[in-house]
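Residue numbers (our numbering), protein chains in the order written: chain D, 206 to 414; chain V, 206 to 414.
Every residue, glycine too, gets a C-beta built ideally from N, C-alpha and C.
1. Going by beta-carbon coordinates alone, are residue 396 of chain V and residue 361 of chain V separated by less than 8 Å?
2. Exposed or buried, which one is residue 388 of chain V when buried takes at least 16 other CB atoms within 10 Å?
3. For the ligand ATP, I want to know if residue 344 of chain V counts as a neighbour, meaning its beta carbon is within less than 7 Å of at least one of the ligand's heavy atoms.
4. Since residue 304 of chain D is in the beta strand (DSSP E), which residue starts that stretch and which ends it?
5. Measure from the alpha carbon of residue 363 of chain D to the alpha carbon of each residue in D:278, D:256 and D:310, then state which is nearest.
6. Helix, strand or coil, according to DSSP, for residue 366 of chain D in the structure here?
7. Can a CB atom of chain D be found closer than 8 Å to the CB of residue 296 of chain V?
8. Check the C-beta distance from residue 375 of chain V over to residue 349 of chain D and give it rounded, since I have them as a contact under 8 Å.
9. Does the CB of residue 357 of chain D have a neighbour CB from chain V at under 8 Å?
10. Looking at chain D, is there any beta carbon in it that lies within less than 8 Å of the beta carbon of residue 281 of chain V?
11. Along chain V, which residues have their Cβ under 8 Å away from the Cβ of residue 368 of chain D?
12. Name the DSSP bridge partner or partners of residue 260 of chain V?
13. Just list the residues that DSSP pairs residue 280 of chain D with in beta bridges.
14. So, helix, strand or coil for residue 234 of chain D, using DSSP?
15. Between the beta-carbon of residue 222 of chain V and the beta-carbon of residue 245 of chain V, is there less than 8 Å?
16. Is the CB of residue 214 of chain D under 8 Å away from at least one CB in chain V?
17. Grab me the residues of residue 295 of chain V's own chain with a C-beta within less than 7 Å of its C-beta, minus the 5 sequence neighbours each way, in chain order.
18. In whole angstroms, what is the alpha-carbon distance linking residue 403 of chain V and residue 334 of chain V?
19. Applying a beta-carbon distance threshold of less than 7 Å, which residues of chain D neighbour residue 209 of chain V?
20. In chain order, what residues of the same chain have a beta carbon less than 7 Å from the beta carbon of residue 290 of chain D, not counting five sequence neighbours either side?
21. When you compare each of V:248, V:236, V:390 and V:358 to residue 225 of chain V by their alpha carbons, which one comes out closest?
22. For residue 413 of chain V, which residues from the same chain have a beta carbon less than 8 Å from its beta carbon, with the 5 sequence-adjacent residues on both sides left out?
23. Buried or exposed, going by whether 16 or more other CB atoms sit within 10 Å of the CB of residue 206 of chain V?
24. Please list, in chain order, the chain V residues whose beta carbon lies closer than 7 Å to that of residue 307 of chain D.
25. Taking C-beta to C-beta, are residue 340 of chain D and residue 371 of chain D nearer than 8 Å?
26. Rounded to a whole number of angstroms, what is the C-alpha to C-alpha distance between residue 213 of chain D and residue 393 of chain V?
27. In the region 381-409 of chain D, which residues sit with their C-beta less than 7 Å from some C-beta in chain V, listed in chain order?
28. Secondary structure at residue 240 of chain V, three-state DSSP: helix, strand or coil?
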């Protein structure tokens, strides 16, 4: 067994980030400074260096996300897990918030009646609330399809999309829809993603504010 | 773009599991029937087939976990995210529960005073509650070190450990401690893991009950 190193609690994250940076450097990877903090935090959350190759950022998206948060945006998630992982205290300091409609009884009933997912309906409900809206999707591709359908029908357009659902059924396609949509977005191309990745991206954006 | 396939909401998970099984079969991987459901659910949650190679199960651990749940065990997590992802309704049907001490004010204060992590102290607090206890650790290696220290000092011994912290600092070592501990355990060897993996393992155990 490798020897253990005592690290003070406050230094564990710092030490982790140093290790990640060193390994990236050993691999010859240079991260774009604008996205470095987000990519490293995603690797920190997953211990998976594959994300270096698949994370996509539209031009100026990080700056835009921070502007929206300063305008008091609501960050809408598609799981309670992602919601639970987001730094809501920091968000509140900008009068911004994080919420999900996934557990709403009305959402569940409507989804059942229409034969669509809760995630689909929860996006429609979220679209109706006032103010700026960032959609942080870490689980359900149908959440992204729902947003895209509202865009196509000119009913609604999200201010920014973090699209990192994970999985095997229509996940890749749901993300590809946003790559050239014109909507500011952070997308993880391919199958990987998840609620922890979603929360890590939001928290990295907040950390830099 | 690949063509989209409409899948009824209730069939998405089933379809995903079929795809995972097909790809595992194409890779020539045969999963042990006893652990198949858990391994597939972890892949479903991460889209990462690496877990096939790193998930470790002590003999009879799945059976043991189900017995403990039937005896009304408490599942202790080291994050609110993992707690949020666990099927608490199903747990409640066995008079079992899931809880975390991570956000307790007393835990935070004691951790600060002693210069250890919240996770470390939260394990000590959890050890004092009555009844059977399953520890489901998806984030903090220090949670596993805390449990191990209590075992070494003969203060406390967990009934079962799900040890899947993720990260770069002392994570691998924290897991190795449990491999030959004699404690029934499910461990993901290496750096990978996380709150979603932790919740997926608990939910797979519950699904089979």
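Answer, in terms of the structure:
1. no
2. buried
3. By its list of ligands, the structure shown contains no ligand whatsoever, and the ligand ATP lies outside what it can speak to.
4. 302-305
5. D:278
6. strand
7. no
8. Between residue 349 of chain D and residue 375 of chain V the Cβ distance is about 37 Å, and since that is not below 8 Å, they are no contact.
9. no
10. no
11. Result: empty, since nearest Cβ-Cβ is about 14 Å, beyond 8 Å.
12. V:393
13. D:303 and D:339
14. coil
15. yes
16. yes
17. 411
18. 21 Å
19. 375 and 378
20. 400, 401 and 404
21. V:248
22. 242, 267 and 271
23. Only weak support is given to the placement of residue 206 of chain V: the predicted model assigns it a pLDDT of 48, under 50, and the question is left unresolved by the model.
24. The premise fails here: residue 307 of chain D is roughly 11 Å from chain V at the closest Cβ pair, so nothing lies under 7 Å.
25. no
26. 25 Å
27. 381, 396, 397, 399, 400 and 401
28. helix
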